[in-house]
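Every letter in the sequence shown is one number past the one before it in numbering that gives the first Met the number 0, and letter 154, counting from 1, is 153.
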Amino acid sequence: MTTLKSKLKDDLTAAIKGRDELRAATLRMTLTAITKEEVAGTEARVLSDDEVLKVITREAKKRREAAEAFAQGGRAESAERERAEGEVLADYLPKQLGDEELGVLVREAVAEAKAGGAEGPRAMGAVMKIVNPKVAGRAEGGRVAAAVKRTLAEG
């Protein structure tokens, strides 16, 4: 078993013993998603820590999107619950990059792509290939893409 998955299980046990309903429910849901991922496909397998992290990231993104949808639908209580679940999951994710840090990484990637011959808006794919591994798990894809477009537009 991976260390991240065992940490989730240990934290679930602690949350149940501490009667922390929100944390217990969130961790249970996340562990279920991990198990689902493990048995998906033709044969069962054990996920690596990186794969577990991707599942947690996906679950956190679902919580953010659900909170927005509930807020727009006028269901503030449900939106607050989703945000709280997202905060529980955030404890297991790497610290997110700030706008400044992301900008620096994107500018470096753009310079690297230009050195490789990629120019203008068409360089988007080349820049994304360079920058994605550097920001993996620390910034959402849409945010990265927006930063790359801005930087390419600046010239």
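Glycine included, every Cβ here is placed at the ideal spot set by N, Cα and C. Since the model is a prediction, treat every value here as computed from it, not as a measurement.
In the three-state reduction of the DSSP assignment, leucine 96 falls in the coil class. Taking a contact as a CB-CB distance under 8 Å, the pair leucine 92 and alanine 59 counts as one, their CB atoms being some 6 Å apart. Judged by beta-carbon spacing, alanine 108 lies within the 8 Å limit of valine 126, meaning their Cβ atoms are closer than that value. With contacts defined by Cβ atoms closer than 8 Å, leucine 26 and aspartate 10 form a contacting pair. Straight across, the Cα-Cα distance linking alanine 83 with isoleucine 33 is about 20 Å. Only residues of its own chain outside the window of five on either side were considered, and among them Thr25, Thr29, Ile55, Glu58, Ala59, Arg62 have a CB closer than 7 Å to the CB of leucine 88, listed in chain order. Excluding five sequence positions before and after glycine 102, the CB atoms of its chain that fall closer than 7 Å to its own CB belong to Ala146, given in chain order. Positions of the alpha helix (DSSP H) runs, each at least 4 residues long and wholly inside the region 16 to 81, are given as 20 to 38, 48 to 71 in order along the chain. Per DSSP, alanine 122 is not a residue of any alpha helix (DSSP H), being assigned neither H nor E. Contact check for glutamine 95 against arginine 137 passes: the beta carbons are separated by less than 8 Å.
Comparing alpha carbon positions, the residue from Val51, Gly40, Thr41, Glu37 closest to leucine 7 is Val51.
Per DSSP, reduced to three states, the secondary structure at alanine 138 is coil, with no helix or strand assignment.
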